[in-house]
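K.L.:
First to last, the protein sequences are chains A and B.
Take the first sequence: its position 189, counted from the start at 1, is 189 in this note's numbering, and no numbers get skipped.
Take the second sequence: its position 303, counted from the start at 1, is 718 in this note's numbering, and no numbers get skipped.
Shown below is the structure under consideration.
Protein chains: 2
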Amino acid sequence: MAVLTRLAVNGDRLNDSINRLARIGKQPSGSICRIAFTPETLQARYLVQQWMIEAGLAPRIDAAGNLIGRYAGRFEDAPALGTGSHIDTVPSGGKFDGALGVLSGIEVVRTLRDHQMRLNHPIEIIAFTDEENTMIGCQAMAGTVLADSPERYRSKSGEPIQDCLESIGGNWDEIRTAKRSRSDLAAFVELHVEQGAVLERTGNQIGVVQGVVGIQRKAITIVGQANHAGTTPMDMRQDALVAAAQMVLAVQAIALKMPSHPVATVGYVDVLPNAVNIVPGKVELTVDLRDLYTDCLDEMLQLLHQEIRAIAATTHTQIEIRPLLCVEPTLAAKQVQETIATVCQQLGLSSHSMPSRAGHDSLEIGRFTDMGMIFVPSQAGVSHSEAEYTSPEQCTQGADVLLHTLMALDNLYPV
Amino acid sequence: MAVLTRLAVNGDRLNDSINRLARIGKQPSGSICRIAFTPETLQARYLVQQWMIEAGLAPRIDAAGNLIGRYAGRFEDAPALGTGSHIDTVPSGGKFDGALGVLSGIEVVRTLRDHQMRLNHPIEIIAFTDEENTMIGCQAMAGTVLADSPERYRSKSGEPIQDCLESIGGNWDEIRTAKRSRSDLAAFVELHVEQGAVLERTGNQIGVVQGVVGIQRKAITIVGQANHAGTTPMDMRQDALVAAAQMVLAVQAIALKMPSHPVATVGYVDVLPNAVNIVPGKVELTVDLRDLYTDCLDEMLQLLHQEIRAIAATTHTQIEIRPLLCVEPTLAAKQVQETIATVCQQLGLSSHSMPSRAGHDSLEIGRFTDMGMIFVPSQAGVSHSEAEYTSPEQCTQGADVLLHTLMALDNLYPV
Chain A
1 MAVLTRLAVN
11 GDRLNDSINR
21 LARIGKQPSG
31 SICRIAFTPE
41 TLQARYLVQQ
51 WMIEAGLAPR
61 IDAAGNLIGR
71 YAGRFEDAPA
81 LGTGSHIDTV
91 PSGGKFDGAL
101 GVLSGIEVVR
111 TLRDHQMRLN
121 HPIEIIAFTD
131 EENTMIGCQA
141 MAGTVLADSP
151 ERYRSKSGEP
161 IQDCLESIGG
171 NWDEIRTAKR
181 SRSDLAAFVE
191 LHVEQGAVLE
201 RTGNQIGVVQ
211 GVVGIQRKAI
221 TIVGQANHAG
231 TTPMDMRQDA
241 LVAAAQMVLA
251 VQAIALKMPS
261 HPVATVGYVD
271 VLPNAVNIVP
281 GKVELTVDLR
291 DLYTDCLDEM
301 LQLLHQEIRA
311 IAATTHTQIE
321 IRPLLCVEPT
331 LAAKQVQETI
341 ATVCQQLGLS
351 SHSMPSRAGH
361 DSLEIGRFTD
371 MGMIFVPSQA
381 GVSHSEAEYT
391 SPEQCTQGAD
401 VLLHTLMALD
411 NLYPV
Chain B
416 MAVLTRLAVN
426 GDRLNDSINR
436 LARIGKQPSG
446 SICRIAFTPE
456 TLQARYLVQQ
466 WMIEAGLAPR
476 IDAAGNLIGR
486 YAGRFEDAPA
496 LGTGSHIDTV
506 PSGGKFDGAL
516 GVLSGIEVVR
526 TLRDHQMRLN
536 HPIEIIAFTD
546 EENTMIGCQA
556 MAGTVLADSP
566 ERYRSKSGEP
576 IQDCLESIGG
586 NWDEIRTAKR
596 SRSDLAAFVE
606 LHVEQGAVLE
616 RTGNQIGVVQ
626 GVVGIQRKAI
636 TIVGQANHAG
646 TTPMDMRQDA
656 LVAAAQMVLA
666 VQAIALKMPS
676 HPVATVGYVD
686 VLPNAVNIVP
696 GKVELTVDLR
706 DLYTDCLDEM
716 LQLLHQEIRA
726 IAATTHTQIE
736 IRPLLCVEPT
746 LAAKQVQETI
756 ATVCQQLGLS
766 SHSMPSRAGH
776 DSLEIGRFTD
786 MGMIFVPSQA
796 GVSHSEAEYT
806 SPEQCTQGAD
816 VLLHTLMALD
826 NLYPV
């Protein structure tokens, strides 16, 4: 009697690949150092490329150094369905961030091949170049790279981007050729570890990502008057730290009053002269605002400016604000989100809709085509550390969701 | 026709002395470096001793190295009336802090001698040892020096106090003999620059000091949880900086609600890891509370502990507090304060009652006898800097108030 079984990835094979890749760049501490353009990352690219070939993918490298493995579809002229992520890490990274997305993509193709299956659309597995620093790989694909300003894209160790790209088979002079469009990449789905604790805390197995948040990051300088902490009466002070404390609380309050649950952080504070017995004369601090919606970011900035004016007036300080970083948010395509959620239901996995508040390659890819992301839980929300952990079972669940999502999208998008 | 003139110091002579002393230890920047026990300070002591002798004072050096010049009274067995201050400076000091008090005392005696006058009481002009660091001179006189713990009293450059005292004619082994009592020092009046801007701001010429404030200084450690500033939702944070901001504002609010106008300062803040995109996990900060009244200091500390409990609870952080410094306040004698105020009226000088919120030798002397202090304005409140400035006229006014205060006290205290 035949039992009807649902197609599933080979979890052992996937987790073997994750562990095998994690040996490259492994540090004595247990963390992984695979900074883009280093020999370790080149070694990792070589291994992944071999796995692509063994899985029946045809690999190529575009001008931005993106490693792209293509699994032919029944209709080879149809736009591709893309998946992938990155295999570079931060200097002390974990083994799941990025790697899970690339290796799950390969595992999906291995699974299809095990069953002699092809989709209507070609599948592309993409390992993007340098996600953790310049994001040049995904930016080149989105056409947002500044082709006239190579000096903006130095490697972590300061090498010119031209040399960096050449070392991995790319070509800066041709960077524009890496640009893709909706007509050749119909949709892109990235599987990634959450890097936060929302899934763990809410007890969900899969995160259905609503989009990748935008960032407004500002530097704020507060100038008061340094003075003797004994001889300066309270009403004669221009205490820059009192103003800074009001700013810290105002930033928190601004985030809490917005309905879309943005995050807002003062992470850096520098006090001058920073002495026990001197009223602080100057404080530098940073504000980092993140949300899925540009409207919300704009409103938070407006409120921040209001607070700055009010606090400067009441504390008799001068407060200046200047931009450090501005990243526009990218929303996930509704159709892709709904597909992921439906797949979870079908697979009996609990899911939770949530924004991605960390940056990802999908942030850029979503600027020109339909994008979606699948999150799996990060233990205690830890990432960018040797303590980063997602269980083998959770990795397998994520890869299964990716497999069935691509299969479902294959039916939704015209060939 | 004879004109009745009031006795007055010789302002030119006083200011000449101030300027002459200021040449010793003068730095290229214009600041003065006469750290206790250095050759420069020895040279200054030598000069001041010569001036004492020329003014008719008999100098001696006690076991704590205090230089004490005595001007005989009509009743030589009567307890002395003391005045003076210190001639050591901070590493980059000004020429008035301390020096004004010692040199005005000498000028008062010069003036009396010009007119062949003696008071009923002997007068003692005291140049205390190392006011800016160990305060060993005034502490030895008050009997508060820790005679069994010489290691607590190293010089600024780390030399043992035994060697330091020997170099200026003192003797650590005899330190207890420096102790004085009300029976041999009936009252002590110190003239000093304000080192704050209250007189300048209120437009008064003389400050009648109500006492020297006590200090309660604490170190506070706030432990939260460092986390990704993007992926950690606001309601899952244990943000140590948000807790610190609440502490800074609570410390300010505590001072503002007390009727005696204490001061309270958070001057030092250290944030960890202090990165733009990480929710702060740990903050160290200091709290410095100063007031004239022990009751007020105690109440402020109690409120501080309440705030710590409340803030720790609402921010989900752990907050620890530990003592850094505790100095008991000393009140000026009512009789001395009233005498100074009356003298100001008689001399046509405006005066203002105020606490001294900086430490002074009088803090210790007031622990065993009647103490009072006379303040003259500091331009813009600046001190411990080459920009420290009090005009020659203001110095002269201070010395005149000192002269007439000592003359008035001479009549108030029994011989």
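A virtual CB, placed ideally from N, CA and C, is assigned to each residue, including glycine.
Computed from a predicted structure; not experimentally measured.
From the beta carbon of Arg-357 (chain A), is the nearest beta carbon of chain B less than 9 Å away?
P.N.:
Working through the first sequence from its first residue, we reach residue 357 (chain A) at position 357. Yes, because at least one Cβ of chain B sits closer than 9 Å to the Cβ of Arg-357 (chain A).
K.L.:
Within 10 Å of its beta-carbon, does Pro-122 (chain A) have 16 or more other beta-carbons around it, so buried, or fewer, so exposed?
P.N.:
Residue mapping note: residue 122 (chain A) aligns to position 122 of the first sequence, counting from 1. Its Cβ being crowded by 16 or more others within 10 Å, Pro-122 (chain A) is buried.
K.L.:
Per DSSP, which residues does Val-702 (chain B) bridge with? Please list them.
P.N.:
Position 287 of the second sequence, counted from the start, is the residue given in the question as residue 702 (chain B). Paired residues: B:Lys-633.
K.L.:
On a CA-only basis, which of B:Asp-477, B:Ser-798, B:Phe-543, B:Thr-709 is nearest Thr-592 (chain B)? Give me that one, please.
P.N.:
Residue 592 (chain B) sits at position 177 when you count from the first residue of the second sequence. Selected option, being the one with the closest Cα: B:Asp-477.
K.L.:
Within this structure, are the beta carbons of His-767 (chain B) and Gly-611 (chain B) separated by less than 9 Å?
P.N.:
For the purposes of this step, residue 767 (chain B) is identified with residue 352 of the second sequence, where counting begins at 1. For the purposes of this step, residue 611 (chain B) is identified with residue 196 of the second sequence, where counting begins at 1. Going by C-beta atoms, His-767 (chain B) is not nearer than 9 Å to Gly-611 (chain B).
K.L.:
Buried or exposed, going by whether 16 or more other CB atoms sit within 10 Å of the CB of Leu-93 (chain A)?
P.N.:
Position 93 of the first sequence, counted from the start, is the residue given in the question as residue 93 (chain A). Note that residue 93 (chain A) is Gly in the sequence shown, not Leu. Gly-93 (chain A) should be labelled buried.
K.L.:
What runs of the alpha helix (DSSP H), each 4 residues or longer, lie entirely inside the region 687–750 of chain B?
P.N.:
Within the region 687–750 of chain B, the complete alpha helix (DSSP H) runs of at least 4 residues are 709–730.
K.L.:
What does the alpha-carbon distance come out to for the pair Cys-296 (chain A) and Ala-641 (chain B)?
P.N.:
Here residue 296 (chain A) is taken as the residue at index 296 of the first sequence, counted from 1. Here residue 641 (chain B) is taken as the residue at index 226 of the second sequence, counted from 1. For Cys-296 (chain A) and Ala-641 (chain B), the distance between alpha carbons rounds to 25 Å.
K.L.:
Relative to the C-alpha of Gly-696 (chain B), which candidate in B:Asp-431, B:Pro-770, B:Thr-647, B:Arg-435 has its C-alpha closest?
P.N.:
As a first step, residue 696 (chain B) is located in the second sequence; it is residue number 281 there, counting from the start. Considering only alpha carbons, the answer is B:Thr-647.
K.L.:
Hey, Ile-583 (chain B) and Met-467 (chain B): beta-carbon distance below 9 Å or not?
P.N.:
Here residue 583 (chain B) corresponds to residue number 168 of the second sequence, with the count starting at 1. Here residue 467 (chain B) corresponds to residue number 52 of the second sequence, with the count starting at 1. No, these two residues do not count as a Cβ contact at 9 Å.
K.L.:
Jot down the residue ranges of each uninterrupted alpha helix (DSSP H) in the region 526–612 of chain B, minimum 4 residues, whole runs only, in chain order.
P.N.:
You should have 551–557, 576–582.
K.L.:
Using 8 Å as the cut-off, can you tell me whether the region 592–610 of chain B makes contact with the region 660–667 of chain B, which would need three or more C-beta pairs spanning the two stretches below that distance?
P.N.:
These segments do not touch.
K.L.:
According to DSSP, what are the bridge partners of Pro-474 (chain B)?
P.N.:
Position 59 of the second sequence, counted from the first residue, corresponds to residue 474 (chain B). For Pro-474 (chain B), which the question treats as bridged, DSSP gives the partners B:Gly-484.
K.L.:
Going along chain B, which residues have a C-beta under 8 Å from Tyr-268 (chain A)?
P.N.:
Locating residue 268 (chain A) in the first sequence gives position 268, where the first residue counts as 1. Result: Val-686, Asn-689, Ala-690, Val-691.
K.L.:
Do you know how far the Cα of Met-532 (chain B) is from the Cα of Gly-480 (chain B)?
P.N.:
As a working note, residue 480 (chain B) is residue 65 in the second sequence. As a working note, residue 532 (chain B) is residue 117 in the second sequence. The alpha-carbon atoms of Gly-480 (chain B) and Met-532 (chain B) are separated by roughly 29 Å.
K.L.:
In chain A, which residues lie less than 9 Å from Met-715 (chain B) when you measure between Cβ atoms?
P.N.:
As a first step, residue 715 (chain B) is located in the second sequence; it is residue number 300 there, counting from the start. Per Cβ cutoff of 9 Å: no residues; Met-715 (chain B) is ~12 Å from chain A at best.
K.L.:
Of all Cβ atoms in chain B, is any one closer than 9 Å to the Cβ of His-421 (chain A)?
P.N.:
Residue coverage of chain A in this structure runs from 1 to 415, which leaves residue 421 (chain A) outside it and unanswerable.
K.L.:
Say whether chain B places a C-beta atom closer than 9 Å to the C-beta of Met-234 (chain A).
P.N.:
Counting from one through the first sequence, the residue named residue 234 (chain A) turns up at place 234. It does: the Cβ of Met-234 (chain A) has a partner Cβ on chain B nearer than 9 Å.
K.L.:
At the level of alpha carbons, what is the spacing between Gly-203 (chain A) and Cys-33 (chain A)?
P.N.:
Numbered from its first residue, the first sequence carries residue 203 (chain A) at position 203. Numbered from its first residue, the first sequence carries residue 33 (chain A) at position 33. Spanning the two alpha carbons is a distance of roughly 31 Å.
K.L.:
Any idea if Cys-326 (chain A) is buried or exposed, counting beta-carbon neighbours within 10 angstroms, 16 or more meaning buried?
P.N.:
Start at 1 with the first residue of the first sequence, and residue 326 (chain A) comes out as number 326. It counts as exposed.
K.L.:
When you compare each of A:Glu-338, A:Met-258, A:Thr-83, A:Arg-309 to Glu-299 (chain A) by their alpha carbons, which one comes out closest?
P.N.:
By 1-based counting over the first sequence, the position of residue 299 (chain A) is 299. When each option's Cα is compared against that of Glu-299 (chain A), the closest is A:Met-258.
K.L.:
Determine the DSSP secondary structure at Asp-785 (chain B), reduced to helix, strand or coil.
P.N.:
Against the second sequence, residue 785 (chain B) aligns to sequence position 370. It is a strand residue.
K.L.:
Does any residue of chain B bring its CB to less than 9 Å from the CB of Asn-227 (chain A)?
P.N.:
Position 227 of the first sequence holds residue 227 (chain A). Interface residue, yes.
K.L.:
Distance check for Ser-29 (chain A) and Leu-363 (chain A), CA to CA, integer angstroms please.
P.N.:
For the purposes of this step, residue 363 (chain A) is taken as residue 363 along the first sequence, with counting starting at 1. For the purposes of this step, residue 29 (chain A) is taken as residue 29 along the first sequence, with counting starting at 1. Roughly 31 Å separates the two Cα atoms.
K.L.:
Are the CB atoms of Val-108 (chain A) and Val-266 (chain A) nearer to each other than 9 Å?
P.N.:
Here residue 108 (chain A) corresponds to residue number 108 of the first sequence, with the count starting at 1. Here residue 266 (chain A) corresponds to residue number 266 of the first sequence, with the count starting at 1. Against a cut-off of 9 Å, the Cβ pair of Val-266 (chain A) and Val-108 (chain A) comes out as no contact.
K.L.:
Residues in the region 666–678 of chain B with C-beta within 7 Å of chain A's C-beta atoms, listed in sequence order?
P.N.:
Within the region 666–678 of chain B, the qualifying residues are Gln-667, Ala-670, Leu-671, His-676, Val-678.
K.L.:
Which residues in the same chain as Ile-789 (chain B) place their Cβ atom closer than 8 Å to its Cβ, once the five residues preceding and following it in sequence are excluded?
P.N.:
Counting from one through the second sequence, the residue named residue 789 (chain B) turns up at place 374. Excluding sequence neighbours, Ile-789 (chain B) sits near Val-604, Glu-605, Leu-606, His-607, Ile-621, Gly-622, Val-623, Val-624, Ile-755, Gly-813, Val-816, Leu-817, Thr-820.
K.L.:
Leaving aside the five residues before and after Arg-489 (chain B) along the sequence, list all residues of the same chain whose C-beta is less than 6 Å from its C-beta, in chain order.
P.N.:
Reading the second sequence from its first residue, position 74 is the one you call residue 489 (chain B). Excluding sequence neighbours, Arg-489 (chain B) sits near Arg-533, Asn-535.
K.L.:
Straight-line CA distance for Phe-452 (chain B) to Pro-565 (chain B)?
P.N.:
Taking the first residue of the second sequence as 1, we reach residue 452 (chain B) at position 37. Taking the first residue of the second sequence as 1, we reach residue 565 (chain B) at position 150. Those two C-alpha atoms are separated by around 16 Å.
K.L.:
Compute the Euclidean distance between the alpha carbons of Ile-87 (chain A) and Ala-78 (chain A), then round it to the nearest angstrom.
P.N.:
Counted from its first residue, the first sequence places residue 87 (chain A) at position 87. Counted from its first residue, the first sequence places residue 78 (chain A) at position 78. Using only the alpha carbons, I get a separation of about 27 Å.
K.L.:
Which same chain residues, not among the five before or five after Val-628 (chain B), have their C-beta less than 7 Å away from its C-beta?
P.N.:
In the second sequence, counting from the first residue as 1, residue 628 (chain B) sits at position 213. Here the set comprises Arg-705, Asp-706, Leu-707, Pro-744, Pro-770, Ser-771, Arg-772.
K.L.:
Is there a Cβ from chain B that is less than 9 Å from the Cβ of Ala-244 (chain A)?
P.N.:
Taking the first sequence and counting its residues from 1, one reaches residue 244 (chain A) at position 244. Yes, Ala-244 (chain A) counts as interfacial toward chain B.
K.L.:
For the candidate residues A:Thr-83, A:His-228, A:Asp-114, whose alpha-carbon lies nearest to that of Ala-55 (chain A)?
P.N.:
Position 55 of the first sequence holds residue 55 (chain A). Among A:Thr-83, A:His-228, A:Asp-114, the Cα nearest to that of Ala-55 (chain A) belongs to A:Asp-114.
K.L.:
Report the residue ranges of all beta strand (DSSP E) runs contained in full by the region 621–680 of chain B; include only those spanning at least 3 residues, in chain order.
P.N.:
Correct list: 621–627, 629–638, 678–680.
K.L.:
Kindly list the residues whose CB is nearer than 6 Å to the CB of Glu-722 (chain B), restricted to its own chain and excluding five residues on each side of it in sequence; keep chain order.
P.N.:
Mapped onto the second sequence, residue 722 (chain B) falls at position 307. Contacts found: Ala-665.
K.L.:
Let me see if you follow: with CB-CB separation under 9 Å, is Pro-280 (chain A) close to chain B or not?
P.N.:
Here residue 280 (chain A) refers to the residue found at position 280 of the first sequence. So yes, Pro-280 (chain A) belongs to the interface.
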